[in-house]
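Notes to accompany the following structure.
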Amino acid sequence: VFDLPTTTVGFNYGTQIGEGGIVMGNGSRINGSIYSNGSITGSSGARITGSAWVAQGTAPSVDQSWETANSDYGVGTVSGSIISTLDSSGDVGKYTSLALGSDGFARISYYDDTNDDLKFVRCLDENCVTKNITTIDSAGNVGFEYTSLALGSDGFARISYYNESNNDLKFVRCTNADCATKVITVVDSSGDMGQFSSLALGSDGFARISYYASSGGNLNFVRCTNADCTTKNISTVDSSGDVGKYTSIALGSDGFARISYINETNDDLKFVRCANADCSSATVTTVESSPNINRNTAVALGSDGFARISYYDDGNNDLKFVRCTNADCATKNITTLDSSGDVGRYSSLKLLSDLARVVYHDGSNGDLKYIQCANADCSTKNVSVPDPDNVGQYTSLAFGSDNFGRISYYDVGNADLKFLRCAQDPCSPSAPQVDVAQSFQPAATNRAVKADLYLKKVGSPANATLRLISDSGGSPGTSVLATGLLNASSVGSSYGWLTVNFSTTPTLNANTTYWLVIDAAPDNSNYLVWGGDSANGYTRGTGKKSNDWSIGNWSNLNADLNFRVYMGGIDNQISTVSVDGSAYAHFMDIVTVGGNAGAFTLNSGTIGGSVSADTISNCTIGGNASYNVKTSCTIGGTQTTPTTPPSDPAVQAMPITQEMIDAWKAQAEAGGTINGDCGDGGVAGCDIPTNGTLTLGPKKINGNLILANNQTLVVSGTIYITGYIDIDNGSAIQLDPSYGTKSGLVFSDGTIHLANNGNFSGSGQVGSYLMLMSLASGGGHHGGAIDLHNNASGVIFYAANGLVYLHNNVNATQLTAKAITLDNNATISYDPGLANALFSGGGSSGSFKVKSWKEIE
179 VFDLPTTTVG FNYGTQIGEG GIVMGNGSRI NGSIYSNGSI TGSSGARITG SAWVAQGTAP
239 SVDQSWETAN SDYGVGTVSG SIISTLDSSG DVGKYTSLAL GSDGFARISY YDDTNDDLKF
299 VRCLDENCVT KNITTIDSAG NVGFEYTSLA LGSDGFARIS YYNESNNDLK FVRCTNADCA
359 TKVITVVDSS GDMGQFSSLA LGSDGFARIS YYASSGGNLN FVRCTNADCT TKNISTVDSS
419 GDVGKYTSIA LGSDGFARIS YINETNDDLK FVRCANADCS SATVTTVESS PNINRNTAVA
479 LGSDGFARIS YYDDGNNDLK FVRCTNADCA TKNITTLDSS GDVGRYSSLK LLSDLARVVY
539 HDGSNGDLKY IQCANADCST KNVSVPDPDN VGQYTSLAFG SDNFGRISYY DVGNADLKFL
599 RCAQDPCSPS APQVDVAQSF QPAATNRAVK ADLYLKKVGS PANATLRLIS DSGGSPGTSV
659 LATGLLNASS VGSSYGWLTV NFSTTPTLNA NTTYWLVIDA APDNSNYLVW GGDSANGYTR
719 GTGKKSNDWS IGNWSNLNAD LNFRVYMGGI DNQISTVSVD GSAYAHFMDI VTVGGNAGAF
779 TLNSGTIGGS VSADTISNCT IGGNASYNVK TSCTIGGTQT TPTTPPSDPA VQAMPITQEM
839 IDAWKAQAEA GGTINGDCGD GGVAGCDIPT NGTLTLGPKK INGNLILANN QTLVVSGTIY
899 ITGYIDIDNG SAIQLDPSYG TKSGLVFSDG TIHLANNGNF SGSGQVGSYL MLMSLASGGG
959 HHGGAIDLHN NASGVIFYAA NGLVYLHNNV NATQLTAKAI TLDNNATISY DPGLANALFS
1019 GGGSSGSFKV KSWKEIE
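All letters in the sequence shown, in the order written, are residues 179 to 1035 by the numbering used here.
See below:
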């Protein structure tokens, strides 16, 4: 009697496989569930009737990293100015006029020179990256010299403009936010009327418009007496010469107009203070009569009610400014603001705390310029160039609730409408840190899998994209090797490491420069912060910044950013197989799953239940789907994005430990040792004749077990064979009836080969099974540790270190192996009785129970 303490063995699945995985041939089938530490690779008709789990592969490791953090580096921020191109559909953007809605976003009217149309844009964010553009009027050449815009109490635009085709002054009242619906009125058609109009709204909400009457060369003024200006009072305010071009209007606290304009006959700057609502009574003042004061006036009123006017001195090509010191501007202080070349055309003026801000065009250098006055007369000031790119004509200036400027203007070089939001005052040149990058050089050639970034956030930034990009001349190029979603909701207000998985795993070459680039949207209130090292301590890379990675224009960050790049490893997968239950793996490709699916990547699949994944493509999902990237997928239930992809199933230990194997070896040796082969041609005491039977066990055999001619081995105790096992020609191994409901074991250090109707059975009672186990790593037929050529029911096959190979049409009850290959139509049919198999050393000897060998659905 051999006493073996009770031992628990955890067979949790009908088929359990090690890191070698399983290959399933055409029509092969596993009737039950499967857990594999390696990939499941199928082919046409391959099917698993239960569920399938594929564990994570070999984890990638950190190849490059830098983790010294002493400074903060914003991502998605811009200091100075943020510039957007709003309309580039032809030659567009002349004669702009700008106002800000109650949402703080810009509304702009402008002229489409290509189509001779009046257009309007409503910005949907503070930088006008998103916007709605409407053609308001296309009836003739409309919107030419100039447009002027104000917003009514309803928040909708009112615009005055000139119809060059009919020489009329026109007015539009928009009746919705985008001005897709509106009322257009011809205000003055009594000759050539309406150039150089300027618009303000009275306390009654009705328009006041100053404009040039080319017929007669007069300054005219209209006070609309209803919302659409179909009724109005028109006055000629000044007719002393050719007067009224380049008008600008503001309304005083008395509700009466103040207008600056040009006397082209004498090249004078003039100013009128209306003494009544219709300006039929007015005081006209010549403000400056130096030669060639003849262009582009802009007026604003200080808290004293007196005018401030910016204008262009055409004789000296200077920008000038006047501060009126009485109501009629009969006394005033005049300052030359800029004389550095041909400067000052197209100026627009606004006041902040009674100090002027002026935006204008530098014709010598093609720049948009901005002046921040530091005193009342602007004799001290800051001059900046927020956009130096052959731009800056037809400017219009407004100020947001942050007291920073918003500017619309014409891009001369590209014939586009542009918009600029000053991120500070003065409006300094754009210093973008929107897209931020860190370079690195891998130490070894391998695939890139993911990156960790050391991040925190301010506010609620939008999601960003992490791009892995090749180097081009020491900066990120435009060749994107991989991308990953940077889920901003997973970033906290304090620093932490965020893992970003790459959607593909490109191979990177050792000692070659690559870049991690965060592609973000600009938002100075909501942005990411990347921790970094201002000492530039990382020797295999550096940090850079840009307004837009796809355009380039990278500048040095003078720091290294904190990162980790993971490379190498192996991703396991399920491919080309049908799973009736649920399926879980890192990668799934060409699969049909009846239940739910969890993966990092799902490609080309039909899923009956719900899916959780990072990336899904070319799929049909019957239930819900959570994902970060979707391409060509039909989803029957709800969709959630972004999401956190599921973790890969954990690696499962094989159910039989080395400790158990050692105990079984000791149990077999305790029954004695046979030196030599057993079975067909075996040594004395272990020879089995043709058609003969031998009862044996427990026993250690220092040799091989060969059953080749209808021989039967009856196992009465554990048998351990140091060589191989070969069973052929109707031979059999069965447990002695004394096992009862218990199960028994025959195992070998070498391979096991079964062919030509070999037979196996337990004791004959329900719940009794024979286990054949090979400890070999391979070397047998087809490189297998166990090679099965015929059906084998009632037997458990176990190959902890090698491959089990099932040939065509073979049916087995249970397999556990490092790797399995199923030939065409081979089948594994799980026997539910295995859930409570009780193994014994033989007869009445001690036993161990397989307590948890069961199917998990």
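Positions of the beta carbon are idealized from the N, C-alpha and C atoms, including for glycine.
Item to check | Sequence-distant residues of the same chain with beta carbon closer than 6 Å to Thr784, five excluded per side | outcome: Answer for Thr784: Thr770, Thr798, listed in chain order.
Checklist entry - Using the beta-carbon count (16 or more within 10 Å), is Gly850 buried or exposed? => result A residue is called buried once 16 or more other Cβ atoms fall within 10 Å of its Cβ, and Gly850, having fewer, is exposed.
Item to check | Integer-rounded CB distance, given that Ala978 should sit under 8 Å from Ile142 | outcome: An answer regarding residue 142 cannot be provided, because it is not within the stretch 179 to 1035 covered by the chain.
Item to check | Contacting residues, own chain, Cβ-Cβ under 6 Å from Asp426 (five flanking each side not counted) | outcome: Note that residue 426 corresponds to Ser in the displayed sequence, not to Asp. Excluding sequence neighbours, Ser426 sits near Ser376, Ser438, Thr475, Ala476, Val477.
Checklist entry - Is it buried or exposed for Thr558, if we count other Cβ within 10 angstroms and need 16 for buried? => result With fewer than 16 other Cβ atoms within 10 Å, it is exposed.
Checklist entry - Which term fits His960, buried or exposed, when burial requires 16 or more other beta carbons within 10 angstroms of its beta carbon? => result Exposure of His960 is indicated by the presence of fewer than 16 other C-beta atoms within 10 angstroms of its C-beta.
Item to check | Glu847 in three-state terms, based on DSSP | outcome: Glu847 falls in the helix class under three-state DSSP.
Next on the checklist: What does the Cβ neighbour count give for Leu182, buried or exposed, with the cut at 16 atoms within 10 Å?
Outcome noted: Low local confidence applies: a pLDDT of 37 at Leu182 is under 50, so the model's placement there is unreliable, with the coordinate-based value given in what follows. By the beta-carbon neighbour count (other beta carbons within 10 angstroms, threshold 16), Leu182 is buried.
Checklist entry - Ordered along the chain, which non-local residues of its own chain (more than five positions away) have a Cβ less than 6 Å from that of Thr193? => result Counting only residues of its own chain and dropping the five nearest sequence neighbours on each side, Thr193 has a CB closer than 6 Å to the CB of Ile208, Ile212, Leu993, Ile1006.
Next on the checklist: According to DSSP, is Tyr716 part of a helix, a strand, or is it coil?
Outcome noted: Correct three-state label for Tyr716: coil.
Item to check | Integer-rounded CB distance, given that Ile899 should sit under 8 Å from Ile879 | outcome: At roughly 5 Å, the Cβ-Cβ gap stays under 8 Å, so Ile879 and Ile899 are in contact.
Item to check | Selection from Gly776, Ser782, Asp492 that minimises the alpha carbon distance to Asp767 | outcome: The residue from Gly776, Ser782, Asp492 with its alpha-carbon nearest to that of Asp767 is Ser782.
Checklist entry - Would the beta-carbon of Gly216 fall within 9 Å of that of Pro607? => result Between Gly216 and Pro607, the C-beta gap is not smaller than 9 Å, which leaves the two residues out of contact.
Item to check | Continuous beta strand (DSSP E) stretch holding Glu245: start and end | outcome: Per DSSP, Glu245 lies in no beta strand (DSSP E) and is assigned neither H nor E.
Checklist entry - What's the gap between the Cα of Ser458 and the Cα of Ser392? => result The alpha-carbon atoms of Ser458 and Ser392 are separated by roughly 19 Å.
Checklist entry - Who does Val707 pair with in a DSSP beta bridge? => result Gly252, Lys634, per the DSSP bridge assignment.
Checklist entry - What does a CB cutoff of less than 8 Å around Ser668 pick up in its chain, not counting 5 residues either side in sequence? => result If we look at Ser668 and ignore the five residues flanking it on each side, its Cβ neighbours are Leu676, Thr822.
Next on the checklist: Using CA atoms only, rank isn't needed, just tell me which of Leu429, Tyr947, Val450, Ile897 is closest to Gly881.
Outcome noted: Measuring from the Cα of Gly881, the nearest candidate turns out to be Ile897.
Checklist entry - Straight-line CA distance for Arg742 to Gln616? => result Straight-line measurement puts the Cα of Gln616 at about 11 Å from the Cα of Arg742.
Item to check | Neighbourhood of Asn935 by C-beta, 6 Å cutoff - its chain only, sequence neighbours within 5 removed | outcome: Answer for Asn935: Gly908, Asn968, listed in chain order.
Next on the checklist: Looking at the secondary structure, which residues open and close the beta strand (DSSP E) in which Tyr898 lies?
Outcome noted: Residues 897-899.
Next on the checklist: Closer than 8 Å is the cut-off here; do at least three beta carbon pairs connect the region 560-571 with the region 609-623?
Outcome noted: These segments do not touch.
Checklist entry - Given His985, which residues of its chain have a CB within under 7 Å of its CB, disregarding the five upstream and five downstream residues? => result Answer for His985: Leu966, His967, Asp1001, Ala1004, listed in chain order.
Checklist entry - At what residues does the beta strand (DSSP E) containing Tyr213 begin and finish? => result Looking at the DSSP string, the run of the beta strand (DSSP E) that includes Tyr213 is 212-214.
Item to check | Local Cβ density within 10 Å of Ile834, reported as buried at 16 or more and exposed below that | outcome: Ile834 counts as buried, since at least 16 other C-beta atoms from the protein chains shown sit within 10 angstroms of its C-beta.
Next on the checklist: To the nearest angstrom, how far is the alpha carbon of Ala1013 from that of Ile974?
Outcome noted: Caution is warranted here: a pLDDT of 46 is assigned to Ala1013, below 50, making its placement in the model unreliable, and the coordinate value is therefore given only provisionally. C-alpha separation (whole angstroms): 12 Å.
Checklist entry - According to DSSP, is Pro564 helix, strand or coil? => result The three-state reading of DSSP puts Pro564 in strand, counting E and B together.
Item to check | Sub-9 Å separation of Gly863 and Ile852 beta-carbons | outcome: Taking C-beta atoms as the reference points, Gly863 and Ile852 count as a pair closer than 9 Å.
Item to check | Contact check, Asn774 vs Val755, beta carbons under 9 Å | outcome: Pairing Asn774 with Val755 gives a Cβ-Cβ distance that is not under 9 Å.
Next on the checklist: If I measure Cβ to Cβ from Glu304 and keep anything under 7 Å in the same chain, skipping five residues before and after, which residues do I get?
Outcome noted: The residues are Gly282, Phe283, Arg599.
Checklist entry - What's the call for Ser1025, buried or exposed, on a 16-neighbour Cβ count within 10 Å? => result Legend: pLDDT at Ser1025 = 37, less than 50; position of this residue unreliable, value from coordinates given subsequently. That one is buried.
Item to check | Which residues DSSP lists as bridging Leu694, in chain order | outcome: Checking the DSSP bridge columns, you'll see Leu694 partnered with Gln616, Leu646.
Checklist entry - What residue ranges within the region 510-566 form continuous beta strand (DSSP E) runs of no fewer than 3 residues, ordered along the chain? => result Fully enclosed beta strand (DSSP E) runs of 3 or longer: 510-516, 521-530, 533-540, 545-551, 559-565.
Next on the checklist: Below 8 Å on the Cβ atoms is my contact criterion, and I expect Gly786 with Gly772 to pass it. Report the Cβ-Cβ distance as a whole number of Å.
Outcome noted: Contact between Gly786 and Gly772 holds: CB atoms are separated by about 5 Å, below the 8 Å threshold.
Checklist entry - Relative to the C-alpha of Asp630, which residue among Asp241, Gly205, Ala224, Gly198 is closest? => result The candidate whose alpha carbon is nearest that of Asp630 is Asp241.
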